[in-house]
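In what follows, a structure is listed as structure tokens, so that the remarks can point back to it.
Protein chains: 2
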Amino acid sequence: MTKYQRIYQELLDKIKTKEYKTGDYLPSENELMKTYGSSRDTIRKALQLLLQNGYIQKVVGKGSVVLDSERIAFPVSGISSFKELKESMDGTIETIVEEFTVVPADDKLKDELHMDDGNVYIIERVRSINGEKIILDKDYLNGNIIQGLTKQHAQDSIYEYIENELNLNISFSRKEITVIPATKHDKEVLDMLDYDLLVCVKSYSYLEDATLFEYTISKHRPDKFRFVDFARRSQ
Amino acid sequence: MTKYQRIYQELLDKIKTKEYKTGDYLPSENELMKTYGSSRDTIRKALQLLLQNGYIQKVVGKGSVVLDSERIAFPVSGISSFKELKESMDGTIETIVEEFTVVPADDKLKDELHMDDGNVYIIERVRSINGEKIILDKDYLNGNIIQGLTKQHAQDSIYEYIENELNLNISFSRKEITVIPATKHDKEVLDMLDYDLLVCVKSYSYLEDATLFEYTISKHRPDKFRFVDFARRSQ
DNA sequence: GAGTGGTCTAGACCACCGC
DNA sequence: CGGTGGTCTAGACCACTCA
């Protein structure tokens with residue numbers, strides 16, 4: 001943990017515990033320098049993180065004002081694994097591993113995962129919330145990068161295995177959200193009620209060194225889908 | 001335009017014109033310092049922008065590698081007005097202003113727009129692409145902040161009016177994406193084919209000084225909806 | 001070992017805000 | 001006017017990568 005990350009965390013805690021409330025101004029950069037015994041640059045890095053993540057807005061000549069982070073509540077924004085997601089939710093959540101196979105990459109998989117050769121893990125999981133099966137995840141993992149994965153990891157958390165046991169750092173992802181018709185298979189494994197459509201989240205995930213390690217298709221029953229985003233206007 | 005923004009733009013141009021291709025490394029920070037005659041900090045600010053916007057990935061000990069920005073293609077990511085959106089799309093696009101009214105804020109509007117008193121612009125617009133009416137936008141604008149808006153502005157671009165004529169800076173927004181049943185009114189004004197659902201994008205938009213000026217509900221026919229997102233893992 | 005990016009420091013000038 | 005954040009500079013040390 002670097003210095004500016006520590007300062008970020010401390011300030012974030014104070015925002016979350018309402019020591020700094022919505023509309024309040026944080027102490028000025030000058031005061032924070034004294035408080036944390038650091039240079040202005042280090043303080044500014046910490047504030048930059050708060051800014052990027054939507055916790056504060058900086059106003060020239062005035063200071064850093066705390067935004068209403070309750071309104072965000074980040075359910076699917078950023079990159080988060082299903083396990084991280086469920087910790088911020090209510091209700092009983094269960095994962096059923098429908099498929100766990102390792103196959104040599106065919107042409108389509110080689111293209112999707114940018115790999116020349118090797119094996120691919122194919123994992124299908126149904127997620128149920130309060131007994132209702134509402135999400136179907138299909139993951140394709142590059143076996144050259146991710147090794148030693150077991151069905152138990154798929155049951156628990158693949159991201160946890162990658163980060164804590166393989167010590168790889170997940171860095172960024174690209175997502176695309178569309179709406180698609182439910183297939184026969186989707187209707188068999190999910191509780192679709194009368195719905196014919198599914199919200200489809202395609203996602204490509206990358207490590208710190210920009211290698212693509214995973215491609216995921218996550219299908220959500222429309223009434224249970226929610227995506228929240230915080231965006232700053234470019235430049 | 002500040003120095004680091006200029007450097008950002010120049011590097012971005014070189015990425016977009018393929019002078020730097022996907023997988024290439026940018027010149028090192030040291031070389032860029034010499035090229036642009038600036039300090040390392042200024043170079044790093046420019047690279048930070050490229051990083052945030054998903055154009056490069058920095059790898060320690062190696063350098064800044066160019067990512068495949070074609071795969072992004074940013075259709076609805078970030079904050080963009082419909083006018084900005086349509087410039088990046090093919091097809092004939094038309095806007096029909098269904099409603100343009102100014103009303104005193106009632107309790108619900110006061111709450112949504114965080115205002116104590118004053119008027120609210122209510123604007124409903126149908127967007128048609130290649131002759132198909134597929135998007136219904138309903139905007140609520142704080143009349144204390146946004147003044148002098150006309151039906152013609154709604155026909156053209158409200159964001160353009162706010163930024164270029166009122167000289168206000170749009171800074172950030174919060175979006176929520178859900179799927180909802182189409183109402184009778186939705187079915188009347190949109191070409192819904194056999195669909196009963198709409199993708200609903202609720203959006204709150206803020207100025208530079210963190211004041212909320214607009215609340216929008218944008219409903220999209222499911223088959224024509226697409227949202228693309230680039231996200232970095234927090235911390 | 002030379003080069004890379006990551007972090008931290010100290011100092012400077014500016015435009016903007018509010019009194 | 002003093003205080004705020006925005007920009008820019010120059011220098012330092014570190015861990016990491018690669019040959």
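Just so you know, the sequences run in chain order A and B. Residue 96 in the UniProt record's numbering sits at position 96 of the first sequence, with consecutive numbering throughout. Residue 37 in the UniProt record's numbering sits at position 37 of the second sequence, with consecutive numbering throughout. The C-beta atom is built at its ideal place from N, Cα and C for all residues, glycine as well. Note that the coordinates shown come from a computational prediction; the quantities given were computed from them, not determined experimentally.
*Extent of the continuous beta strand (DSSP E) to which A231/B belongs*: F227 to R232
*asked:* Give me the chain B residues within the contact set of P222/A, using Cβ-Cβ distance strictly less than 7 Å, ordered along the chain.
replied: V179 and L197
*How many angstroms separate the CA atom of Y140/A from the CA atom of I123/A?*
7 Å
*asked:* Just to confirm the assignment: which complete alpha helix (DSSP H) runs, minimum length 4, are found wholly within the stretch 131–206 of chain B?
replied: 151–155 and 184–189
*Secondary structure at K18/B, three-state DSSP: helix, strand or coil?*
coil
*For E10/A and chain B, any beta-carbon pair shorter than 8 Å?*
no
*Since residue 283/A is in the alpha helix (DSSP H), which residue starts that stretch and which ends it?*
What is shown of chain A runs 1 to 235, which leaves residue 283/A out entirely.
*Tell me where the beta strand (DSSP E) around N30/B begins and ends.*
Element bounds for N30/B: not the beta strand (DSSP E) but the alpha helix (DSSP H), E29 to Y36.
*In the structure shown, what three-state DSSP assignment does R127/A receive?*
strand
*What does a CB cutoff of less than 6 Å around Y36/A pick up in its chain, not counting 5 residues either side in sequence?*
I7
*Find the residues of chain B that neighbour E176/A, judging by a C-beta separation of less than 8 Å, and give them in chain order.*
R226, F227, V228 and D229
*Check whether the Cβ of A210/A lies closer than 8 Å to any Cβ atom in chain B.*
yes
*Span of the alpha helix (DSSP H) holding T42/A?*
R40 to Q52
*Could you tell me whether the Cβ of I170/A comes closer than 8 Å to any Cβ of chain B?*
yes
_Whole angstroms are fine: how far does the CA of Q147/A sit from the CA of M192/B?_
47 Å
*Answer yes or no: does any C-beta atom of chain A fall closer than 8 Å to that of S218/B?*
no
*Consult DSSP for Y55/B and reduce its assignment to one of helix, strand or coil.*
coil
*Sub-8 Å separation of K219/B and I158/B beta-carbons*: no
*asked:* So the candidates are V103/A, V59/A, I93/A and D106/A; which of them puts its Cα closest to the Cα of R125/A?
replied: I93/A
*Within 10 angstroms of its Cβ, does N142/B collect 16 or more other Cβ (buried), or is it exposed?*
buried
*Taking all protein chains shown into account, do 16 or more other C-beta atoms lie within 10 angstroms of the C-beta of H185/A, making it buried, or fewer, making it exposed?*
exposed
*Straight-line gap, K187/A to A105/B (C-alpha atoms, nearest Å)*: 45 Å
*What do you reckon, are the CB atoms on V201/B and K224/B nearer than 8 Å?*
no
*Taking the C-alpha atoms as reference points, what is the distance between R44/B and G131/B?*
46 Å
*In terms of residues, what are the limits of the beta strand (DSSP E) holding E98/A?*
I93 to P104
*So which of V120/B, K108/B and S128/B has the shortest CA-CA distance to G91/B?*
S128/B
*Closer than 8 Å at the beta carbon, the chain B residues around V59/A*: E208, D209 and A210
*Measure from the alpha carbon of K27/A to the alpha carbon of each residue in D111/A, T211/A, A154/A and V65/A, then state which is nearest.*
Residue identity differs from the one stated: residue 27/A is Pro in this sequence, not Lys. Among D111/A, T211/A, A154/A and V65/A, the Cα nearest to that of P27/A belongs to V65/A.
*Burial state of V60/A, where buried means 16 or more other Cβ atoms lie within 10 Å*: exposed
*Under the three-state reduction of DSSP, which class applies to K219/A: helix, strand or coil?*
strand
*Identity of the residues DSSP links to I122/B by a beta bridge*: T101/B and Y140/B
*Taking 8 Å as the CB-CB cut-off, is L47/B touching chain A?*
no
*Kindly indicate if chain A contains any beta-carbon less than 8 Å away from that of L67/B.*
yes
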